[in-house]
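Colleague: Numbering (the working numbering), first residue to last: 20 to 109.
1. So what does DSSP say about residue 48, is it helix, strand or coil?
2. Please state the DSSP three-state secondary structure of residue 85.
3. Who are the near neighbours of residue 88 in its chain, counting only those whose CB is closer than 6 angstroms to its CB and skipping five residues on each side?
4. Could you say which of 47, 93, 100 and 98 lies nearest to residue 32 if we only look at CA atoms?
5. Helix, strand or coil: how does DSSP classify residue 34 here?
6. Helix, strand or coil: how does DSSP classify residue 80 here?
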């Protein structure tokens, strides 16, 4: 993987993470770096799932792949926000 590929993964992950965070209702008390990590993981898993379903490489923009990635990011943000929010200050 090249430096350009890593930077691209971070940028795409940030976008997917933020879009996933926007889909989840309410306020999520998680840091932005965690949102980016969730987005990167969701983008990777979403691409794998889209390719497994045969919709990963279509003509034009791969809308189904993007929807899968955002849905995975939303689930990830909801899960992590629930776990992260339960950490109490003692």
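A virtual CB, placed ideally from N, CA and C, is assigned to each residue, including glycine.
The model shown is predicted, which means the values in this text are computed figures rather than measured ones.
Modeller: On the basis of the coordinates in this document:
1. Residue 48 falls in the coil class under three-state DSSP.
2. The answer is helix: DSSP assigns residue 85 an H, G or I state.
3. 35, 61, 62 and 65
4. 93
5. helix
6. Shown here, residue 80 sits in coil according to DSSP, grouped into three states, outside any helix or strand.
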